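Student: Counting from 1, position 216 in the sequence shown corresponds to residue 216 in the UniProt record's numbering; the numbering is continuous, with no gaps.
Below is one structure. I have some questions about it.
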Amino acid sequence: MPTAPPLPEGLFNCKPPTLWQRDIPYQQPFYYFNTIDSKWTAASSTSEISNPNSQPTSTSQIRLLTWNIDALVPYDEQRMASALKYLGGLYHDLQEKATSSHNPPLVMFFQEMLGSDLRQIQETDWIRQNFYVTDLNDECWESGYYGTTTLVEKRLDVQRVFRVHYKATRMQRDGLFVDLDVQPTDEDKPTILRLCNTHLESLTQNPPRRPIQLRIASTYMHGSGPPDQESTSSLSASLPTPHAALLAGDLNAFAPEDLAAPVECGLDDAFLSLGGKDGTEEGYTWGQQVSDDLRKKFGCSRMDKILFCGALKAEKLQRIGEGIKAYVGDVLESDSDDSEPMEQEMDVSGRN
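This is the structure in structure tokens:
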């Protein structure tokens with residue numbers, strides 16, 4: 001968003017970068033809920049999980065949901081509880097409507113997650129039963145205040161999870177990547193769909209940082225990272241080139257340089273590929289749920305985007321969750337967020 005209330009003390013204080021190199025992939029675990037021990041357990045790939053609730057299956061489609069839940073406004077726990085209740089109902093409805101020919105597995109991207117948000121995610125029954133979670137705490141975030149996390153439905157085969165902590169950042173931003181094998185029954189080699197959940201730099205920057213961040217992320221979408229990178233990471237050398245890749249999240253796309261950045265990075269825009277036009281109401285994801293004063297000052301904009309490359313085709317894109325309210329005590333107090341979540345269906349085998 002282009003402006004914000006007074007920032008919390010220590011918001012942009014970063015941890016000592018002892019675990020990772022900037023712009024270089026840092027491998028992290030993901031977690032599944034172990035029903036035997038009744039606890040979340042770490043894994044680096046689904047092959048390590050002896051008794052997953054759902055066995056990985058091949059898929060030619062995937063459903064993505066992305067949502068930035070504003071960490072800088074009051075009632076964060078109530079707003080997250082409201083969001084999870086809404087998403088639980090949405091997931092239930094999707095399963096009720098599923099058919100044998102159309103039941104894409106779901107992946108959810110969240111930005112601006114607080115520690116309290118991660119705790120609520122871990123305590124939610126429908127998530128425990130059906131999803132892997134990339135983060136239980138802020139261990140892999142450079143920021144000690146908020147960060148990104150991704151939820152992957154257990155029908156999908158997770159090969160690896162890694163983060164790329166951007167060098168060109170003053171706000172501790174990164175790209176959270178998940179590699180999925182969408183054809184796990186193919187014994188020849190994995191068919192990798194690489195997903196990137198990112199929250200690009202906020203506000204106006206001089207020089208602009210968002211195009212640099214997007215360019216770095218795109219090198220991992222097209223291949224295994226920047227060609228001139230100097231890395232001591234063994235993961236850098238072993239990353240495969242994906243069959244297809246998708247990036248989504250709060251891209252804070254409100255400045256002129258943000259319009260050209262996806263094309264310059266060789267990425268397609270899902271909204272535009274489906275016939276959408278920039279600057280039109282149907283594309284706005286920010287501003288509809290802010291105060292009247294903020295809307296008059298900044299208007300509405302398409303801050304959040306879904307970008308892709310490789311063997312993918314955008315099938316369906318819609319805004320969801322408009323008007324969700326959070327209860328504070330017994331009072332219906334505030335909108336769950338100032339951004340609207342987006343739901344996207346992608347055909348994984350749509351083009352080459």
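Where is the CB? At the ideal position from N, CA and C, for every residue including glycine.
All figures in this text were calculated on a predicted structure; none of them were measured in a lab.
Which residue or residues does DSSP assign as beta-bridge partners of R194?
Tutor: D179, A245
Student: Closest by CA to V161, which one among T169, I62, D179?
Tutor: D179
Student: Is A83 closer than 7 Å to I69 when the C-beta atoms are compared?
Tutor: Yes. Within cutoff.
Student: Just tell me which of T149, D37, C140 has its CA closest to the CA of V133.
Tutor: T149
Student: Using a Cβ-Cβ cut-off of 6 Å (strictly less than) and excluding sequence neighbours within five positions of F308, which residues of its own chain qualify?
Tutor: L246, D268
Student: Excluding the 5 residues flanking A4 on each side, which residues of the same chain have their C-beta closer than 7 Å to its C-beta?
Tutor: Interpretation of A4 is limited by its pLDDT of 44, a score under 50 that renders its predicted location unreliable; no figure is taken from the coordinates.
Student: With burial defined as no fewer than 16 other Cβ atoms inside 10 Å of the residue's Cβ, what is the status of N137: buried or exposed?
Tutor: Here N137 is exposed, its C-beta having fewer than 16 other C-beta atoms within 10 Å.
Student: Within a Cβ cutoff of 6 Å, which residues of the same chain sit near Q183, ignoring the five residues on either side of it in sequence?
Tutor: S58, T191
Student: Measuring alpha carbon to alpha carbon, tell me which residue in Y31, P105, F33, S238 is nearest L64.
Tutor: For the residues Y31, P105, F33, S238, the minimum Cα distance to L64 belongs to P105.
Student: Quick test of the definition: if touching needs 3 or more C-beta pairs under 8 Å, does the segment 310-324 touch the segment 32-42?
Tutor: no
Student: Assuming Y284 contacts S301 (C-beta within less than 8 Å), just tell me the rounded distance between them.
Tutor: Their Cβ separation, rounded to whole angstroms, is 6 Å, which keeps Y284 and S301 in contact under 8 Å.
Student: Check the DSSP bridge columns for residue 353 and list the partner residues they point to.
Tutor: Nothing about residue 353 can be read from this structure; the chain reaches only from 1 to 352.
Student: Distance, Cα to Cα, R155 vs K297?
Tutor: 44 Å
Student: Check the C-beta distance from residue 370 over to V263 and give it rounded, since I have them as a contact under 8 Å.
Tutor: Residue 370 lies beyond the range of the chain shown here (1 to 352); nothing can be said about it.
Student: Can you tell me where the alpha helix (DSSP H) holding Y86 begins and where it ends?
Tutor: Y86 -> alpha helix (DSSP H) spans 76-97.
Student: Could you tell me the boundaries of the alpha helix (DSSP H) in which D117 lies?
Tutor: 115-123
Student: Thinking C-alpha only, which one of L251, Q318, A237, P256 is nearest G276?
Tutor: From the listed residues L251, Q318, A237, P256, the smallest Cα separation to G276 is found for Q318.
Student: Tell me the DSSP secondary structure of S50 in three-state form.
Tutor: coil
Student: Alpha carbon to alpha carbon, what distance is there between R79 and Q28?
Tutor: 28 Å
Student: Please go through the same chain and pick out, in chain order, the residues whose beta-carbon is closer than 6 Å to the beta-carbon of N206, but skip the five residues on each side of it.
Tutor: none
Student: Opposite F254 in the DSSP bridges: which residues?
Tutor: DSSP, once it has assigned bridges, lists no residue as partnering F254.
Student: Provide the residue span of the beta strand (DSSP E) that contains P25, from first to last.
Tutor: 25-28
Student: What do you reckon, are the CB atoms on E315 and E343 nearer than 7 Å?
Tutor: no
Student: Assign G287 to buried or exposed, taking buried as 16 or more other Cβ atoms, counted over all protein chains shown, within 10 Å of its Cβ.
Tutor: buried
Student: Helix, strand or coil for Q111, going by three-state DSSP, please let me know.
Tutor: Q111: strand per DSSP, three-state reduction.
Student: Whose C-beta lies closer than 7 Å to the C-beta of T219 among residues of the same chain, with five residues either side of it excluded?
Tutor: Excluding sequence neighbours, T219 sits near G225, P226.
Student: Report the partner residues of D347 according to the DSSP bridge assignment.
Tutor: Q61, K313
Student: Between D278 and D125, what straight-line distance do the alpha-carbon atoms span, to the nearest angstrom?
Tutor: 39 Å
Student: Can the beta-carbon of T198 be found closer than 7 Å to that of G249?
Tutor: yes
Student: Can you round the beta-carbon distance between F30 and T66 to whole angstroms, since I take them to be within the 8 Å contact cut?
Tutor: That belief does not hold up - the Cβ atoms of F30 and T66 are roughly 18 Å apart, past 8 Å.
Student: DSSP puts A42 in a beta bridge; with which residues?
Tutor: Paired residues: Y31.
Student: Would you kindly check if the distance between the Cβ of L200 and the Cβ of N251 is under 7 Å?
Tutor: For clarity, residue 251 is Leu in the given sequence; the question names Asn instead. The answer is yes: Cβ separation under 7 Å.
Student: When the distance is taken between beta carbons, is G266 closer than 7 Å to residue 363?
Tutor: Outside the shown range of the chain, which is 1 to 352, sits residue 363, and nothing can be said about it.
Student: State the CB to CB distance for the pair A253 and M303, rounded to an integer number of angstroms; the pair is presumed to be in contact (CB under 8 Å).
Tutor: Confirmed, about 6 Å.
Student: Should L195 and A244 be called a contact, given that it needs their Cβ atoms to be closer than 7 Å?
Tutor: no
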